[in-house]
Every structure is written in C-alpha cells, then in structure tokens.
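Working notes, beginning with the structure itself.
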Amino acid sequence: MEKILKTDRSAMELEIRRCRADQVANVGKASGNKVHALKADRTDSTAMNDPTALLEKSHGRVDVLFANAGVN
0 MEKILKTDRS AMELEIRRCR ADQVANVGKA SGNKVHALKA DRTDSTAMND
50 PTALLEKSHG RVDVLFANAG VN
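Numbered per numbering that gives the first Met the number 0, the sequence shown spans residues 0 to 71.
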C-alpha cells in the first residue's frame with residue numbers, strides 16, 4: 000500500500016483498477032478518507048444507487064469508484 004500512496008495520481012488510479020474492492024477500501028482509508036466498499040456485479044450497477052443515496056445524506060459528498068474502471 001505504501002508504494003501506491005507515494006506514486007502520482009495517474010499511477011495510483013491504474014493500480015486501483017487492478018485491485019479488489021477491499022484493497023481499494025484500504026487505499027482510501029490509508030489516505031484518511033471514509034470508505035464503504037460495495038461489491039456489485041457489473042450488470043447490477045443499480046445496486047449502488049440506494050446505498051450511495053444513504054451515504055450522501057450522512058457524509059455529504061460521495062465519490063463512486065468502480066474497481067473494474069476501464070473494463071469494457
């Protein structure tokens with residue numbers, strides 16, 4: 000994890016794309032962010048809508064990061 004945090008943002012984003020959801024959560028937590036990892040099938044992206052709305056109410060702003068970003 001230290002290696003990821005010391006690299007520039009674009010390199011970190013590439014590494015995050017290769018990680019599993021729990022690893023992504025650990026990277027975010029190490030950066031001092033509140034992280035909630037939700038595992039959802041790519042075909043079931045609507046599973047994110049309700050949890051995201053609840054998190055927005057409690058935390059204000061929510062950034063959604065897909066662990067498989069860039070995969071078509």
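Where a beta carbon is used, it is the ideal one built from N, C-alpha and C, also for glycine.
Go through its chain and collect everything with a Cβ distance to residue i's Cβ below 6 angstroms, but skip five positions before and after it.
i   : result
V74 : The structure shown has nothing for residue 74, since the chain only spans 0 to 71.
Can you list, in chain order, the residues of its chain whose CB lies under 8 angstroms from that of residue i, leaving out five sequence neighbours each side?
i   : result
H35 : A24, P50, L54
Can you check whether the CB of residue j is closer than 8 angstroms to the CB of residue i?
i   : j   : result
K28 : H58 : no
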